[in-house]
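Peer 1: In the working numbering, the protein residues as written are 22 to 616. Every residue, glycine too, gets a C-beta built ideally from N, C-alpha and C.
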């Protein structure tokens, strides 16, 4: 064989993968700082990043900030799948230098890397309505990354990833808070991000989780067994830093801030800053969707179209897996179209169209209203782009049309999603309405029901594993209401089996068995067996606070294989109904945003 590498490739030779990144020196070779090198720094910022007191930020895309390191950091967990994707040696996660870097100590990085990170500002719209009065200055110039500090971008294996520390101390946007995150909330976000990725839902990712062995903060939380809606005690909790990773952390609210400034002519360069941020977003998130050689107007329209596609697909996926974002404001909506900010999130257990885990969320951000909330965020997104095409009436009209079709596109994707969950080619409206009624009146566990249905049962008996209400034991007389409900379930199941074609008398038994198997496999690919329930998380973070991280690691293992049939012991522990004793308990069935 020739020694020429190009000739070797023609003969089926595959070049070896580069060695895994196993040190900060190796990491330095793939580091890049595109945001800081291409966008504007706040002109009032310090160059050394010692900028930790609340203040107004009037211009610039970012503020250089030096993270506040954890005291005595200790390893808790790392994202094993993400490490493999990045080409990181897994041993790196437990190395002293890596722990120090990703617990906020940038003094350890090689000279070629920056020893300051950056925080960004954004505006706030709640369900499409602009707000600025929550800003301590009543201007909106104080909103932003109050405790999230990005520390680097890496380009590895053909992808760019931004790495952001959550809980890394105060920034100018901290609004008087301490800039820390507690272990409890950090565990939730760390596990949720990798679980959502394994579910096939676009999301930010989890790189690492470190906890301080000595540093604590006081947070309002719930006393043991409390059914209060809001926290009723102060709890001293360990401080932690989780590192989340994404192609970028640009939010709709971030674009919105610069658009408001352009609209109000807040400073001479406001419109130019908006344009620069939008083009940076395209470069970071939409390079394959937008022709960078096209005019600005064409790029804006292509961006709006692509974001609409991603956002509608994202929300359909949320509904598919039973996820509720809880607080889907514009500042919690990633402009890249993925799930961001796991604060008051939750997975629907008892099926409830109005499921809302966050006590401050209201129905506008409840489970079934997420498509409407997404539409409001998309409307805000389109509004942010208008100043860049305000001199082109045709582009404005096309942008309006893209915005106007959101509900139609969202509806189509939801229909396709429900069809896949039910194993159908298309949704039968009558069947679907009856199912929602039955799931509400019985009631059922959302995840368990669809997983049991995915086995294509012959009777409703297997489905009762998902029922929170007893349909009546076979050896006792059932009430008329119970009998009627059972009959309705049986009728629904018979109709559903007919629609999926597993009761077709014209087919042979072999053909019917094959079809049943195909449908079952397809349904199990979209209906997970395991979801990250809050009552799984509570003991995990409680044990972790005492220094035992085994439950976190077990949950990580289980929840990164959510569609798999796992061991009998795992099934008995994690594939079951929520215990009745945990209903209405604060911190389990509902919780505040305190973290």
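(1) Would you kindly report the start and end of the unbroken beta strand (DSSP E) that includes residue 170?
(2) Measure the beta-carbon distance from residue 486 to residue 473 and round it to whole angstroms, keeping in mind my assumption that it falls under 8 angstroms.
(3) Could you check whether residue 268 and residue 306 sit closer than 7 angstroms to each other, using their CB atoms as the reference points?
(4) Here's the rule I'm using: 16 or more other beta-carbon atoms within 10 Å means buried, otherwise exposed. How should residue 176 be labelled?
(5) What is the rounded straight-line gap between the Cα of residue 521 and the Cα of residue 488?
(6) Determine, using beta carbons only, whether residue 86 and residue 140 come nearer to each other than 7 angstroms.
(7) Could you name the residues of the same chain whose beta carbon sits closer than 6 angstroms to that of residue 147, not counting the 5 residues immediately before and after it, in chain order?
(8) Tell me the DSSP secondary structure of residue 150 in three-state form.
(9) If you draw a straight line from the C-alpha of residue 387 to the C-alpha of residue 364, how long is it?
(10) Curious, which full-length beta strand (DSSP E) runs of at least 3 residues does the segment 59–120 contain?
(11) Taking the C-alpha atoms as reference points, what is the distance between residue 497 and residue 505?
(12) Keeping to the same chain, check which residues put their C-beta closer than 7 angstroms to that of residue 561; ignore five residues upstream and five downstream.
(13) Just how far apart, CA to CA, sit residue 39 and residue 301?
(14) What three-state label does DSSP hand residue 345 in the structure shown?
(15) So, with DSSP's three-state summary, where would you put residue 613?
(16) So the alpha helix (DSSP H) residue 594 belongs to, where does it begin and stop?
(17) Alpha carbon to alpha carbon, how far is residue 599 from residue 250?
(18) Hey, out of 546, 477, 512, whose CA is closest to residue 538's CA?
(19) If residue 89 sits next to residue 190, beta carbons under 8 angstroms apart, how far is it from one beta carbon to the other, in whole angstroms?
(20) Please list the segments of the beta strand (DSSP E) lying wholly inside the segment 212–281, counting only runs of 3 or more residues, in order along the chain.
(21) Pull the bridge partners of residue 203 from the DSSP assignment, please.
(22) Is residue 187 helix, strand or coil when you go by DSSP?
(23) Roughly how far, in whole angstroms, is the beta-carbon of residue 483 from the beta-carbon of residue 220, given that I think they are within contact range, below 8 angstroms?
(24) Leaving out five residues before and five after residue 465 in sequence, what residues of the same chain have Cβ atoms less than 6 angstroms from its Cβ?
(25) Can you tell me whether DSSP reads residue 557 as helix, strand or coil?
(26) Rounded C-beta distance between residue 591 and residue 606? I'm assuming under 8 angstroms.
(27) Kindly identify the DSSP beta-bridge partner or partners of residue 42.
(28) Can you grab the Cα-Cα spacing for the pair residue 587 / residue 216, in whole Å?
(29) What's the C-alpha gap between residue 117 and residue 613?
(30) With distances taken Cα to Cα, identify the nearest neighbour of residue 378 among 360, 394, 395, 347.
(31) The alpha helix (DSSP H) with residue 439 in it runs from where to where?
(32) Which of the three DSSP states, helix, strand or coil, is assigned to residue 285?
(33) Can you tell me where the beta strand (DSSP E) holding residue 140 begins and where it ends?
(34) With a threshold of 7 angstroms on Cβ separation, who are the neighbours of residue 434 within its own chain once the five nearest residues in sequence on each side are excluded?
(35) Alpha carbon to alpha carbon, how far is residue 124 from residue 273? Give it in angstroms, no decimals.
(36) Sorted by chain position, which residues of the same chain lie with C-beta nearer than 7 angstroms to residue 41's C-beta, five sequence neighbours on each side aside?
Peer 2: This is what the structure gives:
(1) As a first step, residue 170 is located in the chain shown; it is residue number 149 there, counting from the start. Looking at the DSSP string, the run of the beta strand (DSSP E) that includes residue 170 is 169–177.
(2) Taking the chain shown and counting its residues from 1, the one referred to as residue 486 is at position 465. Taking the chain shown and counting its residues from 1, the one referred to as residue 473 is at position 452. Confirmed, about 6 angstroms.
(3) Start at 1 with the first residue of the chain shown, and residue 306 comes out as number 285. Start at 1 with the first residue of the chain shown, and residue 268 comes out as number 247. Yes; because the gap between Cβ atoms is below 7 angstroms, this pair is in contact.
(4) Locating residue 176 in the chain shown gives position 155, counting from the first residue. Result: exposed.
(5) Stepping through the chain shown from its first residue, residue 521 is reached at position 500. Stepping through the chain shown from its first residue, residue 488 is reached at position 467. About 23 angstroms.
(6) Indexing the chain shown from 1 puts residue 86 at position 65. Indexing the chain shown from 1 puts residue 140 at position 119. Their beta carbons are under 7 angstroms apart, which means residue 86 touches residue 140 by this criterion.
(7) On the chain shown, residue 147 is found 126 positions in, with the first residue counted as 1. Taken in chain order, the residues that qualify are 350.
(8) Stepping through the chain shown from its first residue, residue 150 is reached at position 129. In the structure shown, residue 150 sits in a strand (DSSP, three-state: E or B).
(9) Locating residue 387 in the chain shown gives position 366, counting from the first residue. Locating residue 364 in the chain shown gives position 343, counting from the first residue. Cα to Cα, the separation comes out at about 14 angstroms.
(10) 84–86, 94–99
(11) As a working mapping, residue 497 is identified with position 476 in the chain shown. As a working mapping, residue 505 is identified with position 484 in the chain shown. Reliability of the predicted coordinates at residue 497 is poor, the pLDDT of 43 falling under 50, and no value is obtained from them.
(12) Taking the first residue of the chain shown as position 1, residue 561 is located at position 540. Closer than 7 angstroms at the Cβ level, and outside the excluded window around residue 561, lie 208, 572, 573, 576.
(13) As a working note, residue 39 is residue 18 in the chain shown. As a working note, residue 301 is residue 280 in the chain shown. Cα to Cα, the separation comes out at about 29 angstroms.
(14) For the purposes of this step, residue 345 is taken as residue 324 along the chain shown, with counting starting at 1. Residue state, collapsed to three classes: strand.
(15) Locating residue 613 in the chain shown gives position 592, counting from the first residue. The answer is coil: DSSP assigns residue 613 none of H, G, I, E or B.
(16) Residue 594 sits at position 573 when you count from the first residue of the chain shown. Counting along the chain, the alpha helix (DSSP H) containing residue 594 begins and ends at 589–595.
(17) As a position in the chain shown, residue 599 is number 578, starting the count at 1. As a position in the chain shown, residue 250 is number 229, starting the count at 1. C-alpha separation (whole angstroms): 19 angstroms.
(18) By one-based count along the chain shown, residue 538 stands at place 517. Measuring from the Cα of residue 538, the nearest candidate turns out to be 477.
(19) Taking the first residue of the chain shown as 1, we reach residue 89 at position 68. Taking the first residue of the chain shown as 1, we reach residue 190 at position 169. At roughly 3 angstroms, the Cβ-Cβ gap stays under 8 angstroms, so residue 89 and residue 190 are in contact.
(20) Those beta strand (DSSP E) runs which fall completely within the segment 212–281 and span 3+ residues are 226–242, 254–267.
(21) Taking the chain shown and counting its residues from 1, the one referred to as residue 203 is at position 182. Note: residue 203 sits in a beta bridge opposite 260.
(22) The residue you call residue 187 lines up with position 166 of the chain shown. Residue 187 falls in the strand class under three-state DSSP.
(23) The count along the chain shown starts at 1 and reaches residue 483 at position 462. The count along the chain shown starts at 1 and reaches residue 220 at position 199. Residue 483 to residue 220, Cβ: 23 angstroms. No contact.
(24) Within the chain shown, residue 465 is the residue found at index 444, counting from 1. 372, 487, 488.
(25) Counting from 1 along the chain shown, the entry for residue 557 is found at position 536. Helix, per DSSP.
(26) As a working mapping, residue 591 is identified with position 570 in the chain shown. As a working mapping, residue 606 is identified with position 585 in the chain shown. Wrong, their Cβ atoms sit about 24 angstroms apart, outside the cutoff.
(27) Position 21 of the chain shown holds residue 42. DSSP output for residue 42 lists 109 as bridge partner(s).
(28) As a working note, residue 587 is residue 566 in the chain shown. As a working note, residue 216 is residue 195 in the chain shown. Distance between the alpha carbons of residue 587 and residue 216: 15 angstroms.
(29) Position 96 of the chain shown holds residue 117. Position 592 of the chain shown holds residue 613. Near 35 angstroms, if we compare the C-alpha coordinates of residue 613 and residue 117.
(30) Residue mapping note: residue 378 aligns to position 357 of the chain shown, counting from 1. Residue 378 has its Cα closest to that of 347, out of 360, 394, 395, 347.
(31) Locating residue 439 in the chain shown gives position 418, counting from the first residue. For residue 439, the uninterrupted alpha helix (DSSP H) run begins and ends at 427–442, by DSSP.
(32) Counted from its first residue, the chain shown places residue 285 at position 264. Residue state, collapsed to three classes: coil.
(33) Here the question's residue 140 lines up with position 119 in the chain shown. Here the beta strand (DSSP E) through residue 140 covers 138–140.
(34) The count along the chain shown starts at 1 and reaches residue 434 at position 413. The answer, listed in chain order, is 333, 334, 337.
(35) Within the chain shown, residue 273 is the residue found at index 252, counting from 1. Within the chain shown, residue 124 is the residue found at index 103, counting from 1. Distance between the alpha carbons of residue 273 and residue 124 is about 28 angstroms.
(36) Within the chain shown, residue 41 is the residue found at index 20, counting from 1. Once the five neighbours on either side are set aside, the close Cβ partners of residue 41 are 108, 109, 110.
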